[in-house]
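Everything on this sheet refers to the single structure shown next.
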Amino acid sequence: MSGVPGVRIAFALGVILPASTMAQVIDMQDMPGKPMSHRVDSTPSAASTSVDHDHHDSPVPQLQSVPPNDHVAPAPPQYLMQDMAPAQMASTMQMDDTAPLGMLMLDRLERSRSTVGDLATNWEAQAWWGNAMDRLWLKTEGERGRDGSDGRLDVLWSHAWTSFWDWQLGARQDFGQGPQRQWAAVGVQGLAPYWFETQATFYVGGQGRTALRLESSYELLFTQRLILQPRLEMNFYGKDDPHRGVTSGLSDLEAGLRLRYEISRKFAPYLGVEWTRRFGEQDAAEARPLPARETTWVAGVRLWF
Amino acid sequence: MDKQEPRGIQLPRRRFVQGLALGGVAAGLGLWRGNAQAQPWTPRTELRGDHFELEIGELPVDFTGRRRVATVVNGQLPAPLLRWRQGDTVTLRVRNRLAVTSSIHWHGIVLPADMDGVPGLSFDGIPPGGEYVYRFTVNQAGTYWYHSHSRFQEQTGLYGPIVVEPRDGEPHVAQRDYVVMLNDWTDHDPETIYANLRKQSGYYNHGKLTAGDFLRDAGRDGLATALADRRMWNRMRMDPTDLADVSGAAYTYLVNGRTPAGNWTGLFDPGEKLRLRFINGSSMTFFDVRIPGLKMTVVAADGQPIEPVTVDEFRIAAAETYDVIVQPSADRAWTILAQSMDRSGYARATLAPRAGMTADVPPLDSRPLLAMSDMMGAMDHGATAHDMGGMAMPGMMDMPMPSAPAASLATGPEVDMRVATPRSNLDDPGVGLRGNGRRVLTYADLHAVDAPISPRVDRELTLRLTGNMQRYLWSFDGQRFSDAGPLRLKHGEHVRIVLVNDTMMTHPIHLHGMWSELESADGRFQARKHTVVVQPAQQVSYRVSADAIGRWAYHCHLLFHMEAGMFREVVVA
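If you want it as structure tokens, here you go:
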């Protein structure tokens, strides 16, 4: 910072004489008389102990009847700070309301077992980095089961739009079984009335493909640590994509209930159940067509950093 | 230690200083034991005179059984009590032994702008290994304090009391004079606390409403009423339990550097009058202070004498000070209880005729909820204000304008709510203190004993306190510090600042360099303050005499609100 503490001290020392002189002058100008010493006993009047807040029996002092105050305006500074560039200001003040921040959140990292005995590992994770207004998001969701994996990765730029909503713009890559689809993405994410954490993303892919993904979740507190999270996800597609097990219209719907225990805010194991409904005709060519209805039990952890 | 568990929130059992303690402070007290035996009050290092040598450094401390490093002055936490005399010119040489830039701000002291200690506005800060010599004339008397204005050093321990003795002697006779400094100590890194709040604003709120609360309310008030109540709050995405951003989950509350178990004790002989100088030097905490069984006569607010008013309890915001006189007449101990506003913890001290005596520590009050009026504002109060505004009254010019609908009450990323009809009821003690059966101090009780500095109002300026809780953004008028230019005041003008709180939180607003002369709703001078609390959905006005040339800080004194943008520069030129 200042390589010249000596100069600063000189300034500081220089202030004393003019400061006190000026103070006296202002004192004499403003104060017609010496401030009176009013020694009052601190014993309260009975009236002031009244519980009634609407009436104040103590008289409001009138300007004429009260003694003058002993305020003395300060001397002007000997040293006046010059304006700085915002970045330098933030660093000098050590105060920066635009400082970026990052967060990594594993919403779901779970092992699931369907009622027919299929085991799988599922995940849903998000990471963001940025300031309050603009953030870069990475989102991924998928499943790794006996027949391989299936998932998606979204890369989005997010901008604060309203009090509770951000809009997001970016791209999505599908991976796992079937063709690797790429999509352009536009969506909103935020907090809907009644505290529903909600995402809605519209995708446009090659060959005229379109998709819409809706997700919403809620938190119901049984205690401060034991929290039930209902969650609903719906995927709509513009046209069939049998190689990825997708049908046009509402293709699939997942409804889950997860009961977590927050050992800390950042670490919570959970147990849950999820119902999946897949719509439309399954591709007969598939070796193992996905069941139209499926119930799975899940156990996992939710953590963030 | 008290055996009583606070209702509602279970506090982890506080263990107290063991082994390595507070350096210089502990040295004077002999060895502190791990058990919670009360220690006699021993005078802390107190510096008086007109020349002071202060050294900012680090010190290992242990308040909870975990060793942490505090930021301290002269090896003391709190920093040494500075005793000045009104009229003296004091010189304070402050050396910085930290590895980072530091600063000291003399809170509430009227002084030249380059002595105010705000890096970037007053000076460059005190570089590591460097020093700064503060020198100014102290023309006021009363109870004040000092603290770092650099990053989060205030949270890690850099705070201390200032007592300025009046030129003509104390107007209130008291046989004993104690500083009672309240602080919120945390074992966590404040950088982590701030990051947690930005990622999850309710991180430290462990008093949210649960399904059980709903069933209880439905059983008590009927299902329809309970549903309607939840619907109102939840539709707005507002949380009625949002009382403190950082709670007892992260804080251990201190009195003069002692934990509740450490039990700071002030001694007296029965029948003596004691002057207790309460200073809230905490970073994020409002305290509700009472001494069960004793009436407190408040004689000064923010260092300035007021007409004595006797109360059972008062709320003290971060940075405020209140001087009270108490007269314990019996040969017994009394507990000073300072509950945090969200009832997640408390600071505790004892007044006793002999060291080691204790009194019961009452259970914490139940956790309050914000009321409709904290979200909606005036309701019927508003009509009253407007009626008065329409009446032709003498001295109309001196009255604050009834809050005309502001040009823009829009919400957006920076602002999650607006209050169209703020309430201006200074006689509201605030959430958690309403109708609690005790006589609670309110701003309507504060009446200065002298005339205001500002005899008139040349200009009126309205600022709205805004924020977005979910995003953890705080601002004036929807503009964070980084987006906002300075507020410019003309040297010599008298302005009325009207603050309207468009948030659901209570904010203590501190203007540097100039007094904030609090007014009643109809524009009468109430009291001279340096920190003015504005409750949710409330409108408060005060006069400022722009007689201090320079660049000044103006901000919410909740440390993380300031950091998040609730800060403006005020230029007087």
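Protein sequences, first through last, are from chains A and B.
Take 0 as the starting number for the first sequence in numbering that gives the first Met the number 0 and just add one per residue.
Take 0 as the starting number for the second sequence in numbering that gives the first Met the number 0 and just add one per residue.
The beta carbon of each residue, even a glycine, is placed where N, CA and C say it ideally should be.
Keep in mind the model is a prediction, meaning the values are calculated, not measured.
| task | Could you name the residues of the same chain whose beta carbon sits closer than 6 Å to that of W127 of chain A, not counting the 5 residues immediately before and after it, in chain order? | result | M102, R134 and W136
| query | From L369 of chain B to R257 of chain A, what distance separates their C-alpha atoms? | reply | Their backbone Cα atoms lie some 30 Å apart in a straight line.
| field | Cβ contact (3+ pairs, closer than 8 Å) linking the stretch 96 to 114 of chain B and the stretch 140 to 157 of chain B | value | yes
| said: Is there a C-beta anywhere in chain A that falls below 7 Å from the one on N138 of chain B? | reply: yes
| task | Give me the Cα-Cα distance between N500 of chain B and K207 of chain B, rounded to the nearest whole angstrom. | result | 23 Å
| field | Coil, strand or helix - T505 of chain B by DSSP | value | coil
| said: Closest to A74 of chain A by C-alpha separation, out of B:V109, B:L81, B:T44 and B:A316, would be which residue? | reply: B:V109
| query | Which whole runs of the alpha helix (DSSP H) in the stretch 448 to 489 of chain B are 4 residues long or more, in chain order? | reply | none
| query | Among residues of its own chain, excluding the 5 on either side of R230 of chain A, which ones have a beta-carbon nearer than 6 Å to its beta-carbon? | reply | The beta carbon of R230 of chain A lies closer than 6 Å to those of S216 and G255 in the same chain, with the five residues before and after it left out.
| At a Cβ threshold of 7 Å, is G564 of chain B touching chain A? | yes
| Min CB distance W166 of chain A to chain B below 7 Å | no
| said: Just checking L558 of chain B against the ligand GTP - is the residue's beta carbon closer than 6 Å to any of the ligand's heavy atoms? | reply: Ligands displayed in this structure: none; no statement on the ligand GTP is therefore possible.
| task | Would you identify the three-state DSSP class for G434 of chain B, choosing helix, strand or coil? | result | Per DSSP, reduced to three states, the secondary structure at G434 of chain B is coil, with no helix or strand assignment.
| message | Applying the 10 Å Cβ sphere with the 16-neighbour rule, what's the burial state of S162 of chain A? | response | buried
| request: Would you give the residue range spanned by the beta strand (DSSP E) that M102 of chain A belongs to? | output: Counting along the chain, the beta strand (DSSP E) containing M102 of chain A begins and ends at L100 to S113.
| query | Do you know offhand how far F480 of chain B's Cα is from G270 of chain B's? | reply | 51 Å
| said: Among the candidates B:I290, B:D301 and B:G302, whose CA atom is the shortest distance from the CA of T309 of chain B? | reply: B:I290
| message | Across the stretch 290 to 301 of chain B and the stretch 331 to 338 of chain B, are there enough close Cβ pairs to call them in contact, namely three or more that are closer than 8 Å? | response | yes
| field | 6 Å CB neighbourhood of P404 of chain B in its chain, flanking five on each side removed | value | In this predicted model, P404 of chain B has a pLDDT of only 46, less than 50, meaning its place in the structure is not dependable; the value taken from the coordinates is given anyway. Excluding residues within five positions, none has a Cβ falling inside 6 Å.
| Shorter than 7 Å from the beta carbon of N233 of chain B to some beta carbon of chain A? | yes
| request: Please classify P31 of chain A: does DSSP put it in a helix, a strand, or coil? | output: For P31 of chain A, the pLDDT reaches just 34, beneath the cut-off of 50, and the residue's location in the model is therefore unreliable, leaving the point undetermined.
| field | 8 Å contact criterion, which P76 of chain A and P111 of chain B should meet: CB distance rounded | value | 5 Å
| said: Quick check on L213 of chain A - is its C-beta less than 7 Å from some C-beta in chain B? | reply: no
| task | Check each residue of the stretch 533 to 550 of chain B: if its Cβ is closer than 9 Å to any Cβ of chain A, include it; give the result in chain order. | result | S544, D546, A547, I548, G549 and R550
| task | Mark F221 of chain A as exposed unless 16 or more other C-beta atoms lie within 10 angstroms of its C-beta, in which case mark it buried. | result | exposed
| message | Considering only their Cβ atoms, is the gap separating G169 of chain A from L155 of chain A smaller than 7 Å? | response | yes
| Contacts that F221 of chain A makes with chain B (C-beta to C-beta distance below 8 Å) | T209, A210 and G211
| C-beta atoms of D359 of chain B and R342 of chain B nearer than 7 Å | no
| query | Do you know offhand how far R550 of chain B's Cα is from E52 of chain B's? | reply | 26 Å
| task | Could you tell me which of B:A572, B:T530 and B:A443 sits nearest to G522 of chain B, measuring between CA atoms? | result | B:A443
| Where in the stretch 240 to 294 of chain B do unbroken runs of the beta strand (DSSP E), each at least 3 residues long, occur, reported from the N-terminal end onward? | 250 to 254, 263 to 266, 273 to 279 and 286 to 289
| query | Taking the C-alpha atoms as reference points, what is the distance between L249 of chain A and A210 of chain A? | reply | 10 Å
| request: Could you name the residues of the same chain whose beta carbon sits closer than 8 Å to that of G32 of chain A, not counting the 5 residues immediately before and after it, in chain order? | output: Because the pLDDT at G32 of chain A is just 34, under 50, the model does not fix this residue reliably, and the point stays unresolved.
| Comparing the C-beta of V71 of chain A with each C-beta of chain B, is any distance below 7 Å? | yes
| So with Cβ pairs under 7 Å, would you call Q81 of chain A a contact of chain B? | Answer no: the Cβ-Cβ gap between Q81 of chain A and chain B never drops below 7 Å.
| message | So, at 8 Å on beta carbons, what are the nonlocal neighbours of T349 of chain B in its own chain, with the 5 sequence-adjacent residues on each side left out? | response | A37, N262, W263, T264, G265, A332, W333, T334, I335, M356, T357 and A358
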